[in-house]
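**Q**
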């Protein structure tokens, strides 16, 4: 459990000053998500899906809804997840006593752990227990559906409140009578040692009927949820390598970010948490990127559940194959968790944004971009599951074969790259590399794909990509492989050359590239930026990232995923002590409950970007595994 810290229970947002992102903990039922602050305020809740419109969004605007349960007056706080679960236990100490609040999104009964979150009641549970002395608790319930655009009427009911709105209703079961006006309800309750009080907030779809819950039912639902998470962890979490607890926690986070009905992994459960405070680089990450496919599959297999890795690949392949390259349609870079293709981006101009960072966006226009790396990511994912490919039917084999064919044809074209830059398409090195990966893995899988006749053509195309990368991807000026053909911009994605096996760990150019990333993309923080253009002799000024060329104003901080890539590459090269140091610097950025965001502010060290972020936790798992393998004398 984290250390005690003082929290005077201020308002979550005052003007443009925002609560630190690290103050939040994640709750998930593997379909929707909530963020709970240290002072007991639920400031983000999206039900029934990760990408549903929020009912609490104080995270992005002080008037957009919240639900707090916390002691009256000054208190100190410490918190932790219970065992290997996503059930949060927050302990508050006051001058008169101590109280514990246990929060969870209910996952339902799950005896074996296999079906965790497949069928859920979309219910947020909050149970308060006084463990010592006497504590007076304040409750404030401010639902604001549709990202704060709706100020609903609250109808009192026997034992709670009903909040109807357009697409459904919220039903709050409460042991204390809540009163108020203007769609805000408040109340207090005094608890003595041994007293418990349970709350349940249910999302009820339009036309469905639900009833308020008794205290016994709330307690039973919480116990069942905790048992389900424990069962899942006991069955699936077997990792025993370096940084065991951090790796297992990351596995739990990845499980929490998986949409159970389909197996899709969302990049993050939030939208528009900025890459730089006050900036415009604020994106909606509540969708599933193909980019994550091969990275996530390995991380899920190591730290979570091989079955979930299979489910994610099956969903991704099924979704992508519905518009596969065989029929002339390019694959999308990103999909909705249910397989949705159109994710049209729009702005919510009524929201002030976290710390005044506007605009607030929902949807993501990355679905419109051409991304050539997708072919390699899907085929690399298939390669990782090669022992199970005998289950593929003819359509599955045809789809994977068509990915290799598409890579062989399209690799010379420009695209928008791994970072989905919104400028003009370029010949990005990473995209060429992943087309090489697509062909390399397809050649290795040719027997399983019943495609041995295609191997000569794939081999020729693979050789052509290698020649192009070595001729045009290397920059004498940069002294490293660069971001794009003919460019001197250094990009951390070049670290994937040794990680994917394109270069041998001892390759002179690969070592030079890793050294350049350490020297020129790593700042005083010890963390790695995505990319940066430096004039000769220019001093590194962390945070002044150049060469992005993708439209929105505002810089960005170091990317944690890129820092873990550096640790991974160093481990492959046998530089284990340095790999450990890089890894530990990135891992130390986790908050008190082990959660990582996408980026870190280069000046104050605060977490930035959407939170928690799957790529950061994926990077942690894969780098820890690689370092463990290197220390054991194997290959990372």
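Numbering (my numbering), first residue to last: 1092 to 1727. Backbone N, C-alpha and C fix where the C-beta goes; we use that ideal spot for every residue, glycine too. Quick caveat: nothing in here was measured; it's all calculated off a predicted structure.
1) Alpha carbon to alpha carbon, what distance is there between residue 1547 and residue 1681?
2) Under 9 Å between the Cβ atoms of residue 1382 and residue 1452?
3) Going along the chain, which residues of its own chain have a beta-carbon closer than 6 Å to the beta-carbon of residue 1642, five neighbours each way excluded?
4) Hey, could you find the ends of the beta strand (DSSP E) residue 1251 is sitting in?
5) Can you round the beta-carbon distance between residue 1436 and residue 1454 to whole angstroms, since I take them to be within the 8 Å contact cut?
6) On a CA-only basis, which of 1539, 1661, 1358 and 1616 is nearest residue 1588? Give me that one, please.
7) Using 8 Å as the cut-off, can you tell me whether the segment 1464-1473 makes contact with the segment 1529-1543, which would need three or more C-beta pairs spanning the two stretches below that distance?
8) Check whether the segment 1208-1228 and the segment 1236-1248 touch, using three or more Cβ-Cβ pairs below 8 Å as the test.
9) Mark residue 1627 as exposed unless 16 or more other C-beta atoms lie within 10 angstroms of its C-beta, in which case mark it buried.
10) Between residue 1358 and residue 1377, is the Cβ-Cβ spacing less than 9 Å?
11) Following the continuous alpha helix (DSSP H) through residue 1500, name the residue where it begins and the one where it ends.
12) For residue 1157, count neighbouring C-beta atoms within 10 Å of its own C-beta (all shown protein chains included) and say buried if the count is 16 or more, exposed if not.
13) So, residue 1195 versus residue 1317, is the Cβ gap smaller than 9 Å?
14) Quick check: the Cα distance between residue 1105 and residue 1274, rounded to an integer number of angstroms?
15) Beta carbon of residue 1445, beta carbon of residue 1373: below 9 Å?
16) Quick check on the burial criterion: 16 or more other C-beta atoms within 10 angstroms. Buried or exposed for residue 1711?
17) My output table needs one value for residue 1374: the three-state DSSP class, helix, strand or coil.
18) To which residues of the same chain is residue 1340 closer than 7 Å at the C-beta, ignoring the five residues directly before and after it?
19) Any beta carbon from chain C within less than 9 Å of residue 1354's own beta carbon?
20) Spatial neighbours of residue 1276 within its chain, please: C-beta separation below 7 Å, excluding the five flanking residues on both sides.
21) Compute the distance between the beta-carbons of residue 1425 and residue 1439, then report whether it is under 9 Å.
22) What residue range is occupied by the uninterrupted alpha helix (DSSP H) comprising residue 1590?
23) Nearest to residue 1207 by alpha carbon, out of 1668, 1523 and 1319?
24) Mind pulling the beta strand (DSSP E) runs of 3 or more residues that sit fully within the segment 1243-1310?
25) Work out the CA separation of residue 1428 and residue 1361 for me, nearest whole Å.
26) Out of curiosity, what's the CA-to-CA distance linking residue 1498 and residue 1556?
27) Measure the C-alpha to C-alpha separation of residue 1284 and residue 1247 and round it to an integer number of angstroms.
28) Could you check what DSSP says for residue 1616 in three-state terms: helix, strand or coil?
29) In three-state DSSP terms, what is residue 1148?
30) Using 8 Å as the Cβ pair cut-off and three pairs as the minimum, do the segment 1126-1135 and the segment 1170-1188 touch?
31) DSSP has residue 1220 in a bridge; who is on the other side?
32) In three-state terms, what does DSSP make of residue 1226?
33) Please list the segments of the alpha helix (DSSP H) lying wholly inside the segment 1692-1723, counting only runs of 4 or more residues, in order along the chain.
34) Ignore the nearest five residues each way along the sequence and tell me which others in residue 1127's own chain have a CB closer than 7 Å to its CB.
35) According to the Cβ coordinates, are residue 1652 and residue 1590 closer than 9 Å?
36) Taking the continuous beta strand (DSSP E) assigned at residue 1127, which residues delimit it?
**A** Taking the geometry as given:
1) As a position in the chain shown, residue 1681 is number 590, starting the count at 1. As a position in the chain shown, residue 1547 is number 456, starting the count at 1. For residue 1681 and residue 1547, the distance between alpha carbons rounds to 47 Å.
2) The residue labelled residue 1382 in the question sits at position 291 within the chain shown. The residue labelled residue 1452 in the question sits at position 361 within the chain shown. Contact: no.
3) Taking the first residue of the chain shown as position 1, residue 1642 is located at position 551. Its pLDDT being 37, under 50, residue 1642 is placed unreliably by the model, and the measurement read from it follows with that caveat. So the list reads 1513, once near-sequence residues are dropped.
4) The sequence position of residue 1251 within the chain shown is 160, counting from 1. Where residue 1251 is concerned, the enclosing beta strand (DSSP E) stretches over 1251-1256.
5) To locate residue 1436, count along the chain shown from 1; it is residue 345. To locate residue 1454, count along the chain shown from 1; it is residue 363. With 8 Å as the limit, residue 1436 and residue 1454 qualify as a contact, their Cβ atoms being about 4 Å apart.
6) For the purposes of this step, residue 1588 is taken as residue 497 along the chain shown, with counting starting at 1. Of 1539, 1661, 1358 and 1616, the residue nearest in Cα terms is 1661.
7) yes
8) no
9) One-based indexing of the chain shown puts residue 1627 at position 536. Model confidence at residue 1627 stands at a pLDDT of 32, short of 50, so the residue's coordinates are unreliable; what they give is reported in the following sentence. Exposed, since its Cβ has fewer than 16 Cβ neighbours within 10 Å.
10) Counting from 1 along the chain shown, the entry for residue 1358 is found at position 267. Counting from 1 along the chain shown, the entry for residue 1377 is found at position 286. Yes, the pair counts as a contact, with Cβ atoms nearer than the cut-off.
11) Taking the first residue of the chain shown as position 1, residue 1500 is located at position 409. Its alpha helix (DSSP H) spans residues 1485-1501.
12) Indexing the chain shown from 1 puts residue 1157 at position 66. Per the 10 Å Cβ criterion, buried.
13) In the chain shown, residue 1195 corresponds to position 104, counting from 1. In the chain shown, residue 1317 corresponds to position 226, counting from 1. Their beta carbons are under 9 Å apart, which means residue 1195 touches residue 1317 by this criterion.
14) Position 14 of the chain shown holds residue 1105. Position 183 of the chain shown holds residue 1274. Because residue 1105 sits at a pLDDT of 35, beneath the cut-off of 50, its placement in the model cannot be relied upon, and the point is left open.
15) Stepping through the chain shown from its first residue, residue 1445 is reached at position 354. Stepping through the chain shown from its first residue, residue 1373 is reached at position 282. Contact: yes.
16) Counted from its first residue, the chain shown places residue 1711 at position 620. That one is buried.
17) Your numbering for residue 1374 matches position 283 in the chain shown. Coil, per DSSP.
18) One-based indexing of the chain shown puts residue 1340 at position 249. Correct list, in chain order: 1685.
19) Among the chains in the structure shown there is no chain C, since it carries only a single protein chain.
20) Mapped onto the chain shown, residue 1276 falls at position 185. Correct list, in chain order: 1232, 1245, 1252, 1269 and 1270.
21) Working through the chain shown from its first residue, we reach residue 1425 at position 334. Working through the chain shown from its first residue, we reach residue 1439 at position 348. No.
22) The count along the chain shown starts at 1 and reaches residue 1590 at position 499. Where residue 1590 is concerned, the enclosing alpha helix (DSSP H) stretches over 1587-1591.
23) Within the chain shown, the letter at position 116 stands for residue 1207. The shortest C-alpha separation from residue 1207 is found at 1319.
24) 1246-1248, 1251-1256, 1259-1264, 1276-1283 and 1287-1296
25) Your numbering for residue 1361 matches position 270 in the chain shown. Your numbering for residue 1428 matches position 337 in the chain shown. Rounded to whole angstroms, residue 1361 to residue 1428 spans 14 Å at the Cα level.
26) Translated into the one-based positions of the chain shown, residue 1498 becomes position 407. Translated into the one-based positions of the chain shown, residue 1556 becomes position 465. Cα to Cα, the separation comes out at about 10 Å.
27) Along the chain shown, read from residue 1 onward, the residue named residue 1284 stands at position 193. Along the chain shown, read from residue 1 onward, the residue named residue 1247 stands at position 156. Rounded to whole angstroms, residue 1284 to residue 1247 spans 29 Å at the Cα level.
28) In the chain shown, the residue the question calls residue 1616 occupies position 525. Reduced to three states, the DSSP call for residue 1616 is coil.
29) Stepping through the chain shown from its first residue, residue 1148 is reached at position 57. Coil.
30) yes
31) Walking along the chain shown from the start, residue 1220 turns up at place 129. Paired residue(s): 1191 and 1287.
32) To locate residue 1226, count along the chain shown from 1; it is residue 135. Residue state, collapsed to three classes: strand.
33) 1705-1722
34) Start at 1 with the first residue of the chain shown, and residue 1127 comes out as number 36. Only 1115, 1116, 1118, 1133, 1179 and 1194 meet the Cβ criterion.
35) The residue given as residue 1652 occupies position 561 in the chain shown. The residue given as residue 1590 occupies position 499 in the chain shown. Against a cut-off of 9 Å, the Cβ pair of residue 1590 and residue 1652 comes out as no contact.
36) The count along the chain shown starts at 1 and reaches residue 1127 at position 36. Looking at the DSSP string, the run of the beta strand (DSSP E) that includes residue 1127 is 1124-1128.
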